[in-house]
Amino acid sequence: MRLRFLVPAMLAASLLAGCNPTYNWREHTSQEGRYKILFPAKPATFTRAVDLDGLRVEMTMTAAEVDGATFAVGAATAPDAARARAALPAMRLALLRNIGAGAEAAPAPVARDGLRVQATGAANGKPMRLHGRFEARGERFYQVIVLGPANATPPEQVDQFLSSFAPL
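Numbering (mature numbering (1 follows the signal peptide of the UniProt record, and there is no 0)), first residue to last: -17 to -1, 1 to 151.
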């Protein structure tokens, strides 16, 4: 008699456990940064001053972490569109330096005012993989990245994040 109730209860518990996905995608809209994107977990936002090859700006970063990988969007405003475009390679280079990646990661163009990058490096002695998209729209510029342990983030999750980015 007891087994008759235990089996359905265990089955229900296992089904409910399957409803807690590692990647819990949700749409995030930044009114300040003027973009929308899908994050794989609840993101947090902070702002800090950065120097991009002599261009000092306040960059707002919104990021979420899943299994040691960081999914992040950085947004900032330059004095003009030309300086916003010039900030893209500077952001790319700064990220490559952070993981000790070399020039092997040649940028691939994205539309008219953007770059993409994929690179492998190391942080704290551990192999890391960077996937990034850098884009300028007028005076605004963005970095959209996934950075984490090498081979830890499935390519379809990286693609979903990077391709979901849309400036408003």
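Glycine residues also receive a C-beta, built at the ideal position from the N, C-alpha and C atoms.
Starting from F148, follow its DSSP beta bridges and name the residues at the other end.
Taking the first residue of the sequence shown as position 1, residue 148 is located at position 165. The partner list for F148 (beta bridge, DSSP) is empty, contrary to what the question assumes.
Rounded to whole angstroms, what's the CA-CA distance from A24 to F117? Just pull it up for me.
Locating residue 24 in the sequence shown gives position 41, counting from the first residue. Locating residue 117 in the sequence shown gives position 134, counting from the first residue. Distance between the alpha carbons of A24 and F117 is about 22 Å.
Are the stretch 34 to 43 and the stretch 94 to 111 touching by the rule of at least three beta carbon pairs closer than 8 Å?
The stretch 34 to 43 vs the stretch 94 to 111: no contact.
Please report the Cβ distance between I20 and V49, rounded to the nearest whole angstrom; I am assuming they are in contact, meaning their Cβ atoms lie under 8 Å.
Residue numbering aside, residue 20 sits at position 37 when the sequence shown is read from its first letter. Residue numbering aside, residue 49 sits at position 66 when the sequence shown is read from its first letter. Between V49 and I20 the Cβ distance is about 14 Å, and since that is not below 8 Å, they are no contact.
Look up L(-12) in the DSSP assignment and say whether it is helix, strand or coil.
As a position in the sequence shown, residue -12 is number 6, starting the count at 1. At L(-12), the pLDDT of 45 sits below 50, so the modelled position is not reliable and the matter cannot be decided from this model.
Relative to the C-alpha of T5, which candidate in L151, P137, A70 and P150 has its C-alpha closest?
The residue labelled residue 5 in the question sits at position 22 within the sequence shown. Comparing Cα positions, the closest option is P137.
Once the 5 residues before and after Q140 are set aside, which same chain residues still bring their CB inside 6 Å of it?
As a working mapping, residue 140 is identified with position 157 in the sequence shown. These residues qualify, in order along the chain: Y6.
With distance defined between alpha-carbon atoms, name the residue in L130, K109 and F124 nearest to A73.
Mapped onto the sequence shown, residue 73 falls at position 90. The option with the nearest alpha carbon to A73 is F124.
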